[in-house]
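Student:
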Amino acid sequence: MNNYNTDYDVIIVGGGTNGLSAGCYLGMDGKKVLVLEALDKIGGMASSGYLIPEAPQHLVHPCAMDMMSMRVHAHVPRELELERHGFKSIELSPGYVYLHPDGTSLVFWRDRQRTAAEIRRYSAKDADVFLEFMKVIDLFLDIALPMMRVDPARTNLMTKLKVVGTALKHRKLKPELMALMTGSAHQAARERFEHPVTISAMCALTGLAGDISADGGGIYYALLGFLHRFGVGRVIGGMQQLSNAMRARLEELGGHVMTSARVGEILASQGKVRGVRLVDGREFTARAVIAGCHPKVALEMVSAGEMPRNLLTRIAMAPANARGSGPLKVDLALDGQISVPRFEAARGDGVDLRKACLMIGTEEAVLENFAASSRGEVPRLPYITMVAPNSVDPSQSPPGQDVLYIYPPVMPVAPREGWDALRERVADQVVEQLSEYVEGIQGHVIGRWIEAAPDFTARLNTVNGCVVHIDTTSMRSSAMRPAYGLGGDTLPVEGLYLGSAGIHPGGGVNGMAGRLAANRVKRFLAKARQ
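In structure tokens:
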């Protein structure tokens, strides 16, 4: 890049998938774009690399792994023509498998009838109830998805009419839908199902989205709806390939990307954005700036006095892992391969469980994990998800060896003893608990990579280690995400736009927030020319 070229149409702060997505859409519109990434490579939460020194051929995904969200919003990679730039994904079958302590398992197939057949092995009543429940989840998705795909700041009359039509057509399901949207995920499982395996499987799945005991958490069953409607995908070559494909597309369109370029200030004066200043003192000017980073981080970088105090307070208090829990991440490089013979023998149907995302965590364990974490305590019962990425993509590890992506979804954000004192010990605990279900781990670890909430905060410049930036709740959705007065298409500083997981439609690797921000900027620049 020509270092003397410092004037752009749009500058994007943050080179994650939303920032890169925004850059691509603006580049397709002929805009001169600069993406600034603080780290030494792009991708943010959608990155991968060889991070374990003792295992230089084991590929680690330090944050996002599977692709469900981008399958929901499949138009993004299609519109950006990412396949031409090396992006390739495959569908997993099965996607998710729940492992019960007694050696039984429940597969969440993409085909709901096959999932119902899994449940029928435990309870015929639960299987029938499950299929009826899916009608309620389908209705929720048919209402939510069209609204997720549009800008909540626009009128969207035709979309709203379609949604109303869908609701009227299925009005008999309204009481069930309202109970789901206002109650907790745990309540939804308890009031419908009777068998402990069914209930535990539902709790383990929905706990990936948030506290299953929280009112309004019934919407976490969208995960189940997405799984059945869109399936689960995985990027061949690792998640970094998605980010690299986005960068290649952006550069093909004439955009520029700078890594190791940390922004210190979003320059603004007299209510208008002027550009950015890096921490090393370099300045770049632009007519618009998109913040692809956490909204709080972004707004606190705006020149002093330009953002109203009430809005700065509002975003500072927006919930980010507000109930005290966040994920832990442990990646292991092994000199052999894992297996789950006890569970495969119990099934006896030849399903290869190695290729699925394995979920461990009974109803009691999931509840205990959220309760303990909220008290600042390390949970004692196992609630863990695990993937062996190389099981479907052998390029991610040496032949005959595994790399494990271990993700306990619920750990204390700020434990009483502090993560510096606990990190290694808790990782040992997780590996020990996992080894009660999965063989081939103990005694085979070459090296490991561990990150807890403070590590996510430091590396990804997020708040409280929250990987979705702002907690997913009904009060933090649509134009109210990240906060009232900050989710529309204008901010008090003209030309400044939010464009990360902290705005509509929320978290997940999908590029939709970047797409939305790009469209808002295009309208702004078109109006400015008039």
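For the sequence shown, UniProt numbering assigns the number 1 to the initial residue and increments by one for each residue that follows. From the three backbone atoms N, C-alpha and C, an ideal C-beta is built for every residue, glycine too. Source: prediction; values computed, not measured.
Measuring CB to CB, does valine 276 end up less than 8 Å from glutamate 265?
Tutor: Taking 8 Å as the Cβ cut-off, valine 276 and glutamate 265 qualify as a contacting pair.
Student: Would you list, in sequence order, the uninterrupted alpha helix (DSSP H) runs of no fewer than 4 residues that lie entirely inside the region 317–405?
Tutor: 341–347 and 363–374, all fully within the region 317–405.
Student: Whose C-alpha, out of Ala248, Ala153, Met147 and Asp151, is nearest the C-alpha of leucine 161?
Tutor: Selected option, being the one with the closest Cα: Met147.
Student: For arginine 448, report the span of its beta strand (DSSP E) as first-last.
Tutor: Unbroken beta strand (DSSP E) run through arginine 448: 445–451.
Student: According to the Cβ coordinates, are isoleucine 360 and isoleucine 338 closer than 8 Å?
Tutor: Cβ distance not < 8 Å, so isoleucine 360 and isoleucine 338 don't count as in contact.
Student: Within 10 angstroms of the Cβ of aspartate 7, are there 16 or more other Cβ atoms? Answer buried if so, exposed if not.
Tutor: That one is exposed.
Student: By how many angstroms is the C-alpha of arginine 282 removed from the C-alpha of tyrosine 4?
Tutor: Interpretation of tyrosine 4 is limited by its pLDDT of 45, a score under 50 that renders its predicted location unreliable; no figure is taken from the coordinates.
Student: For the putative contact between leucine 227 and tyrosine 405, defined by C-beta atoms under 8 Å, what is the C-beta separation to the nearest angstrom?
Tutor: In fact, because the Cβ distance is near 18 Å, the residues do not count as touching under 8 Å.
Student: Rounded to a whole number of angstroms, what is the C-alpha to C-alpha distance between glutamate 61 and phenylalanine 87?
Tutor: The sequence shown places histidine at residue 61, not glutamate. Histidine 61 and phenylalanine 87: Cα-Cα distance of roughly 16 Å.
Student: Using the three-state DSSP reduction, which class does phenylalanine 108 fall into: helix, strand or coil?
Tutor: Three-state DSSP puts phenylalanine 108 in a strand.
Student: Look at glycine 292 and alanine 22 and say whether their C-beta atoms are less than 8 Å apart.
Tutor: Cβ atoms of glycine 292 and alanine 22: closer than 8 Å.
Student: Hey, which unbroken runs of the alpha helix (DSSP H) at 4 residues or more fall wholly within the region 401–489?
Tutor: With a minimum length of 4 residues, the continuous alpha helix (DSSP H) runs that stay inside the region 401–489 are 419–435 and 453–460.
Student: Go through its chain and collect everything with a Cβ distance to methionine 1's Cβ below 6 Å, but skip five positions before and after it.
Tutor: Here methionine 1 scores only 40 on pLDDT, less than 50, and its place in the model should not be relied on; the value that follows carries that caveat. If we look at methionine 1 and ignore the five residues flanking it on each side, its Cβ neighbours are His256.
Student: Taking the alpha helix (DSSP H) that tyrosine 25 falls in, what are its first and last residues?
Tutor: From DSSP, the alpha helix (DSSP H) with tyrosine 25 extends over 17–28.
Student: Taking 8 Å as the limit between beta carbons, can you name the residues of its chain near valine 150, skipping five residues before and five after?
Tutor: For valine 150, where only same-chain residues beyond five positions count, the Cβ hits under 8 Å are Asn156 and Thr159.
Student: Excluding five sequence neighbours on each side, which residues of the same chain lie with their C-beta closer than 6 Å to the C-beta of alanine 46?
Tutor: The answer, listed in chain order, is Thr17, Ala64, Met239, Leu242, Ser243 and Val509.
Student: Does DSSP put alanine 116 in a helix, a strand or coil?
Tutor: If DSSP states are grouped into helix, strand and coil, alanine 116 belongs with the helices.
Student: Determine whether the beta carbon atoms of tyrosine 407 and proline 327 lie at a separation below 8 Å.
Tutor: Yes, Cβ-Cβ distance for tyrosine 407 and proline 327 is below 8 Å.
Student: According to the neighbour-count rule (16 or more other Cβ atoms, all chains shown, within 10 Å of its Cβ), is isoleucine 90 buried or exposed?
Tutor: That one is exposed.
Student: Keeping to the same chain, check which residues put their C-beta closer than 6 Å to that of tryptophan 449; ignore five residues upstream and five downstream.
Tutor: Same-chain partners within the cutoff: Leu51, Ile52, Val60 and Asp331.
Student: Measuring only the C-alpha atoms, how far is cysteine 203 from threonine 182?
Tutor: One C-alpha to the other measures close to 17 Å.
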